[in-house]
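First residue of the sequence shown? That's 4 in the numbering used here, and the numbers climb one at a time after it. The beta-carbon is built from N, C-alpha and C at its ideal position, and this holds for glycine as well. Quick caveat, the model's predicted, so the values are computed rather than measured.
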Amino acid sequence: MSKNKDKDFRDIIFARYIGQFLQANDSDTTIRKSSEEIAFDLSGMASFSADGISERMIQFGYRIGFDDQKPVWLLKEDNKNQIKD
């Protein structure tokens, strides 16, 4: 058995996805996504609700900002995970 046997498959999928991004604040954010946008990004792998995404984002320590008066998660790209040319 793998070391992830006690984790729900959604937890593993989400952790791999969110690993692309670092926590950000208003001054250094490069990407702003709503929970619905993240759920849509992951929809090819598993079903996620906006509530489920929000719960996981809070657990991982991400901050909330606003874009056009709508709440979004503040993210920045993790350059070490990008493919080099």
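Worksheet item: Based on the DSSP output, what are the partners of R66 in its beta bridges?
Response: As a position in the sequence shown, residue 66 is number 63, starting the count at 1. Paired residue(s): L77.
Worksheet item: How would you label K73, buried or exposed, when you count the other beta carbons within 10 angstroms and need 16 or more for buried?
Response: Within the sequence shown, numbered from 1, the residue matching residue 73 stands at position 70. Per the 10 Å Cβ criterion, exposed.
Worksheet item: Using the beta-carbon count (16 or more within 10 Å), is F69 buried or exposed?
Response: For the purposes of this step, residue 69 is taken as residue 66 along the sequence shown, with counting starting at 1. Exposed: under 16 other Cβ atoms inside 10 Å.
Worksheet entry | Span of the alpha helix (DSSP H), counted from its first residue to its last, around F43 | Position 40 of the sequence shown, counting from 1, holds the residue named residue 43. From DSSP, the alpha helix (DSSP H) with F43 extends over S38 to L45.
Worksheet item: Run through DSSP, which three-state label would F17 get?
Response: Looking up residue 17 in the sequence shown gives position 14. F17 falls in the helix class under three-state DSSP.
Item to complete: Would you please state the rounded distance, in angstroms, between the beta carbons of F12 and L45? I believe it to be under 8 Å.
Response: Numbered from 1 along the sequence shown, position 9 holds the residue referred to as residue 12. Numbered from 1 along the sequence shown, position 42 holds the residue referred to as residue 45. About 11 Å; that fails the 8 Å criterion.
Fill in: Per DSSP, the bridge partner or partners of I34
Counted from its first residue, the sequence shown places residue 34 at position 31. Paired residues: L78.
Fill in: Straight-line gap, K83 to D71 (C-alpha atoms, nearest Å)
Here residue 83 refers to the residue found at position 80 when the sequence shown is read from its first residue. Here residue 71 refers to the residue found at position 68 when the sequence shown is read from its first residue. So the alpha carbons of these two residues sit roughly 30 Å apart.
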